[in-house]
Amino acid sequence: MSIPIYTYDAVIVGAGLAGNAAARELQKAGKKVAVITKLHPLRSHSGAAQGGINAAFSAKDSEELHMYDTIKGSDYLADQDAVAFMCNEAPKTIRWAERMGAVFSRTADGKIAQRPFGGQSEPRACYAKDRTGLTLLQTSYEQAHREGVLFFDEWYAADIIYKNGKISGVVAFNIRNMDKAIFNANAVMFATGGYARTYKINSNAHANTGDGLSIVARHGLPLEDMEFVQFHPSGLSGSGILISEAARGEGGKLLNSLGERFMSKYAPNAMELASRDVVARAIIEEIRQGRGVGPRKDAVYIDLTHLGAEKIMERLPELRDLAITFLGLDMIKEPILISATAHYSMGGIPVDIDGHVRKDNESFVEGFYAAGECACVSVHGANRLGANSVLEALLFGRHVGQSMAKDLDRGIALRPASLEDAQNMLDEMRFVLENNGTERVPELRTLLQESMTENAGVFRSEETLKKELVILDELEARYKNIRIEDKSKIFNTEMQEAIELGHMLDYARFIVDGALRRQESRGAHFREDFPARDDEKFLNHTMAYRDANGKIVSYPREVVLGRFEVKARAY
Amino acid sequence: MSLETKKVNFKVFRFNAERDFLPYYEQYTLDVTHEEVVLDVLNRIKWEFSGSLSYRRSCRHGICGSCSIKVNNKAVLACKERLFDLVELFGDELVIKPLSEARVVKDLIIDKKDFWAKYDAVKPYLIDDIDEAPEVENLVSPHEVEQILDSEICIQCGNCFYSCPAIENNEEFFGPAAFAKAYRFAADVRDNAKIERLEIVNAPEQGVWDCMKCFECAQACPKDVNPIEKITKLHNMYFQEGIAKSNVATRHAYAFKRSVEKNGLLDEADMVLYAERLDVIKQMPNALSMLKVGKLPMPWNQPKSEKLDEIKKLIKSSSTVKF
Ligand SMILES: Cc1cc2nc3c(=O)[nH]c(=O)nc-3n(C[C@H](O)[C@H](O)[C@H](O)COP(=O)(O)OP(=O)(O)OC[C@H]3O[C@@H](n4cnc5c(N)ncnc54)[C@H](O)[C@@H]3O)c2cc1C
Ligand code: SF4
Ligand code: SF4
Ligand code: FES
Numbered sequence: 085m086s087i088p089i090y091t092y093d094a095v096i097v098g099a100g101l102a103g104n105a106a107a108r109e110l111q112k113a114g115k116k117v118a119v120i121t122k123l124h125p126l127r128s129h130s131g132a133a134q135g136g137i138n139a140a141f142s143a144k145d146s147e148e149l150h151m152y153d154t155i156k157g158s159d160y161l162a163d164q165d166a167v168a169f170m171c172n173e174a175p176k177t178i179r180w181a182e183r184m185g186a187v188f189s190r191t192a193d194g195k196i197a198q199r200p201f202g203g204q205s206e207p208r209a210c211y212a213k214d215r216t217g218l219t220l221l222q223t224s225y226e227q228a229h230r231e232g233v234l235f236f237d238e239w240y241a242a243d244i245i246y247k248n249g250k251i252s253g254v255v256a257f258n259i260r261n262m263d264k265a266i267f268n269a270n271a272v273m274f275a276t277g278g279y280a281r282t283y284k285i286n287s288n289a290h291a292n293t294g295d296g297l298s299i300v301a302r303h304g305l306p307l308e309d310m311e312f313v314q315f316h317p318s319g320l321s322g323s324g325i326l327i328s329e330a331a332r333g334e335g336g337k338l339l340n341s342l343g344e345r346f347m348s349k350y351a352p353n354a355m356e357l358a359s360r361d362v363v364a365r366a367i368i369e370e371i372r373q374g375r376g377v378g379p380r381k382d383a384v385y386i387d388l389t390h391l392g393a394e395k396i397m398e399r400l401p402e403l404r405d406l407a408i409t410f411l412g413l414d415m416i417k418e419p420i421l422i423s424a425t426a427h428y429s430m431g432g433i434p435v436d437i438d439g440h441v442r443k444d445n446e447s448f449v450e451g452f453y454a455a456g457e458c459a460c461v462s463v464h465g466a467n468r469l470g471a472n473s474v475l476e477a478l479l480f481g482r483h484v485g486q487s488m489a490k491d492l493d494r495g496i497a498l499r500p501a502s503l504e505d506a507q508n509m510l511d512e513m514r515f516v517l518e519n520n521g522t523e524r525v526p527e528l529r530t531l532l533q534e535s536m537t538e539n540a541g542v543f544r545s546e547e548t549l550k551k552e553l554v555i556l557d558e559l560e561a562r563y564k565n566i567r568i569e570d571k572s573k574i575f576n577t578e579m580q581e582a583i584e585l586g587h588m589l590d591y592a593r594f595i596v597d598g599a600l601r602r603q604e605s606r607g608a609h610f611r612e613d614f615p616a617r618d619d620e621k622f623l624n625h626t627m628a629y630r631d632a633n634g635k636i637v638s639y640p641r642e643v644v645l646g647r648f649e650v651k652a653r654a655y
Numbered sequence: 003m004s005l006e007t008k009k010v011n012f013k014v015f016r017f018n019a020e021r022d023f024l025p026y027y028e029q030y031t032l033d034v035t036h037e038e039v040v041l042d043v044l045n046r047i048k049w050e051f052s053g054s055l056s057y058r059r060s061c062r063h064g065i066c067g068s069c070s071i072k073v074n075n076k077a078v079l080a081c082k083e084r085l086f087d088l089v090e091l092f093g094d095e096l097v098i099k100p101l102s103e104a105r106v107v108k109d110l111i112i113d114k115k116d117f118w119a120k121y122d123a124v125k126p127y128l129i130d131d132i133d134e135a136p137e138v139e140n141l142v143s144p145h146e147v148e149q150i151l152d153s154e155i156c157i158q159c160g161n162c163f164y165s166c167p168a169i170e171n172n173e174e175f176f177g178p179a180a181f182a183k184a185y186r187f188a189a190d191v192r193d194n195a196k197i198e199r200l201e202i203v204n205a206p207e208q209g210v211w212d213c214m215k216c217f218e219c220a221q222a223c224p225k226d227v228n229p230i231e232k233i234t235k236l237h238n239m240y241f242q243e244g245i246a247k248s249n250v251a252t253r254h255a256y257a258f259k260r261s262v263e264k265n266g267l268l269d270e271a272d273m274v275l276y277a278e279r280l281d282v283i284k285q286m287p288n289a290l291s292m293l294k295v296g297k298l299p300m301p302w303n304q305p306k307s308e309k310l311d312e313i314k315k316l317i318k319s320s321s322t323v324k325f
């Protein structure tokens, strides 16, 4: 079979905020660029962001304060140079998005309006009602499209071409008809988004299967801080769909089955407004102790009825609508059911500020870049603050696009691709299509998601994590014995789901392994057997790679400090 | 509190362009809960019974526009449509079909290239010299933002486009979503191409004057974009900008206004007659297809809208021109 080889200066995988922003920069710099995305760009998960995007530009605020809040929020694991860069560039970036057409909510005098958000000393989240991500995603795509960027949408990137410390392209297939292609390129960027779908209850889109991470890891390249997964306290019971922080911000009370306002036990001062990880743990603890509510007893109540219909309709109309759709409950009349939901991936492909992918602590992979939620720069450390991640995606996406253009100008050699480069993908597709086993993908995926939630979720311990490793071994073995029904070439979504499960199984191991190594509790990572933070041993990033035998090997990378002193994190 | 359930029969449209000559239906009887939406059922069918069933989906909560389908001929987002609501509306037999049978490639997946081509045609991006490193933002008043908010939230799901009778008869017609997009930028005070945009959507056969004002798009839209209202606003811009000439277009607009004022709903036959005079014959295929979707009431039972006052108010507020 012959597979076409296309040649580009730069190929980007992913068309969320990060991918679109990078593509526009490259196109404007006169580079020949292609974007591969498994969804139409406007369907990317960036569009789901509700609350806001941070920039310090109000009179009382400062970049310095934004840095401080971010670093404190990260439980001091963020790299302070990257955070400083982000916070300094934030005002310009948001105004640039506005100039490109983003429809922000405005103050009476016509400026971009800002709202308060958890963990922020000043109101600095710029917003567009409760659909900030949507306007930003549309704007980033529209202006990339206007510049003439070429998008290969509904194309699935299955592999990178990586040899001898250098990347030379991406191998992909067209989801519509299974046409395959090799995208040979001088520079490749990953902007493939997050990985929270490894958990049963999550707030993420079906597409957020974290493919990019395991594609990288399968070549023996490292991933960073994978154990840090943020659990948001308010996901709708059952579906995990996000009810934004606004529900607590507006005065929502959390109640257990005894009708107790239980946050008084866990955070007597901040109560419901304590930080995300604290509230998420409190909720799960109540459920574990048998004080859960709802048909599955897997939730607690959030009661907003005291706000009254008028206030709810004015401030929280979308949230009310979501609860009616997914629970059949009207928050004006009755409390609704929520629980912690896996929401955001702090870990990812390790990169420096300019997006260069790290090969190890000393060197970089030539021609390889990453940005957005799939990357770990790291600006969020152990816990990201609300409204900082769309900022990261847009800002670093753009900056990395510029950095690629610069590197291309300086010269990155093109290593010509050949048909053998498609072999991994062809093998993978053949395996999934032709393997004639007895296991079913949806069942294995459910087992993975349920066990990860149970054993590597909000609470972890050596015991649960080791148990999870055994389960992962088992699932991996069973995965080798799968069979799918659909053999057709057109929109074979069953094959795609199987390939995605393969990715999830691969990087889930990094989450568990990292969590096992980190014998402390920091930010979103909570070890019941090591409930305190241990700066002496663990004020460092987890770098981990898979060796030739498939075993995960990890080593620390120093956190970049220097600007703010490391202190206890108390709110 | 427990999960309420109902037994529902689903007839699911199946077709694979690679293999099938004709579509067929598969039937499933499932207990559904009061928490489930249509997408949950599609997932259950795919994951438990028929792995090859294909449909688009991603976000799961009505914000990415992937999952548009038709249930008993009503265009919906699968992820936002509660089964209990559908059962209340249609009873316990639900027929799940692609948005457009003519464009189906596999099961519930259609080829949307016509939809995207129309999107592209209206220059769907802000046209301005972009300051790449601005120290300040453009100043835009809350009132000015208000003008474009509801058109900006279009998620390009295509529900309106594939429910529009004008598209069905005339594949050149840009369609409701593209008009909403054209309006979104034409009404943006930061945009520098208002006249150019108005000219694009003024084109005969393709443009806003060929809308049949059936309100189907407003009903089909899951995000309350209300495309037909944006179309009227575009109509008004032509008069405000002095682009409209006394031709079919202006007569159309006049007839539209008169009709709505009179009945609340549109007397389509009357309006087409008025506007096209003796060219009525040309409109026959349109009229027929509108009959088919139940949009063309017979003159003897011309309904009066229950919301007549409201619609009149809307017309007043969106019409600043004297015809
Ligand atoms: C419900 C929700 C609400 C949120 N609200 C906020 C908020 O208010 N503020 C905030 O700062 N952050 C928020 N976030 C987080 C934020 O939205 C994301 O972190 C950010 O948008 C990620 O952008 P991205 O460009 O990295 O990835 P995404 O937008 O997820 O894009 C990923 C892209 O990669 C493509 N892709 C992935 N794998 C492949 C493959 N194998 N082949 C081809 N293409 C592939 C996809 O098609 C997609 O285009 C929220 C997240 C969720 C889930
Ligand atoms: S009102 Fe016009 S645009 Fe809307 S569906 Fe009817 S014909 Fe189409
Ligand atoms: S206007 Fe409404 S129905 Fe039409 S594409 Fe946009 S969101 Fe969908
Ligand atoms: S899955 Fe995104 S709108 Fe339905």
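The listed protein sequences correspond, in order, to chains A and B.
Its first residue numbered 85, the first sequence is counted upward by one per residue in my numbering.
Its first residue numbered 3, the second sequence is counted upward by one per residue in my numbering.
By construction, the Cβ of each residue, glycine as well, lies at the ideal position given by its N, Cα and C atoms.
Note that the coordinates shown come from a computational prediction; the quantities given were computed from them, not determined experimentally.
Using the beta-carbon of each residue, which ones in chain A are nearer than 7 Å to residue i?
i	result
P126 of chain B	E226
I65 of chain B	G131, A132, L218
G53 of chain B	I568, E569, D570, E578
R16 of chain B	Here the premise fails: no neighbours, minimum Cβ distance about 12 Å.
Could you spell out the range, first to last residue, of the beta strand (DSSP E) harbouring residue i?
i	result
I245 of chain A	239 to 247
T425 of chain A	420 to 429
F163 of chain B	Note, F163 of chain B: premise wrong, no beta strand (DSSP E); not H, not E.
E649 of chain A	First-last for E649 of chain A: undefined, no H or E at that position.
S473 of chain A	Careful: S473 of chain A lies outside any beta strand (DSSP E), inside the alpha helix (DSSP H) at 473 to 494.
Once you ignore the five residues that flank residue i on each side, which residues in its own chain have a CB closer than 8 Å to its CB?
i	result
R16 of chain B	D22, P25, Y26, Y27, E28, L55, D109
Please return the same chain residues whose Cβ sits closer than 6 Å to the Cβ of residue i, not counting the five positions on each side in sequence.
i	result
W302 of chain B	Its pLDDT being 37, under 50, W302 of chain B is placed unreliably in this model, and the coordinates cannot settle the point.
I496 of chain A	N270, A271, G451
T91 of chain A	N268
N509 of chain A	What sits at residue 509 of chain A in the sequence shown is Met, not Asn. Only A242, D243, V255 meet the Cβ criterion.
Tell me which residues share the same chain as residue i and place their Cβ nearer than 7 Å to its Cβ, disregarding the 5 neighbours each side in the sequence.
i	result
P317 of chain A	R360, V363, A364, I367, A424
L79 of chain B	G64, C69, S70, C159, P224
A471 of chain A	G135, G136, I137, N138, F201, A209
E649 of chain A	none
I259 of chain A	K122, E238, W239, Y240, F575, Q580
S656 of chain A	Any answer about residue 656 of chain A is impossible in this case: the structure gives chain A only from 85 up to 655.
I need the boundaries of the alpha helix (DSSP H) containing residue i, first residue and last residue.
i	result
T219 of chain A	216 to 231
Y152 of chain A	147 to 157
N238 of chain B	229 to 242
Going by the DSSP bridge assignment, what does residue i pair with across the sheet?
i	result
H440 of chain A	A:Y453
C210 of chain A	A:I137, A:Q198
T121 of chain A	A:D237
D33 of chain B	B:K9
T191 of chain A	DSSP, once it has assigned bridges, lists no residue as partnering T191 of chain A.
M253 of chain A	According to the sequence displayed, residue 253 of chain A carries Gly and not Met. BP columns for G253 of chain A point to A:N268.
Under 9 Å Cβ-Cβ, which residues of chain B neighbour residue i?
i	result
T282 of chain A	What T282 of chain A touches in chain B: nothing, since even the nearest Cβ is about 16 Å away.
Could you list which residues in chain B have their beta carbon closer than 7 Å to that of residue i, in chain order?
i	result
A291 of chain A	S60
L406 of chain A	H63
S502 of chain A	Near S502 of chain A there are no residues of chain B at all, since even the closest Cβ is about 30 Å away, more than 7 Å.
A192 of chain A	P144
Query - the region 557 to 587 of chain A: positions lying closer than 7 Å to chain B by Cβ - result: Result list: I568, E569, D570, S572, K573, I574, F575, T577, E578.
Query raised in the report: Looking at chain B, which residues of the region 370 to 395 of chain A have a Cβ within less than 7 Å of any of its Cβ atoms?
Result: Cβ contacts with chain B come from G378, P379.
Query - Residues within the region 180 to 204 of chain B neighbouring chain A, beta-carbon criterion of under 9 Å - result: For the region 180 to 204 of chain B, the beta-carbon criterion of a distance under 9 Å to any beta-carbon of chain A is satisfied by R186, F187, D190, R192, D193.
Requested in this report: Output, in sequence order along the chain, the residues in the region 402 to 429 of chain A whose CB is closer than 7 Å to any CB in chain B.
Outcome: Cβ contacts with chain B: L406, T409, F410, L411, G412.
Report task. Identify each residue in the region 149 to 161 of chain B for which the Cβ-Cβ distance to at least one residue of chain A is less than 8 Å, and report them in chain order. Result -> Taking a C-beta cut-off of 8 Å against chain A, the contacting residues of the region 149 to 161 of chain B are I150, L151, E154, I155, I157, Q158, listed in chain order.
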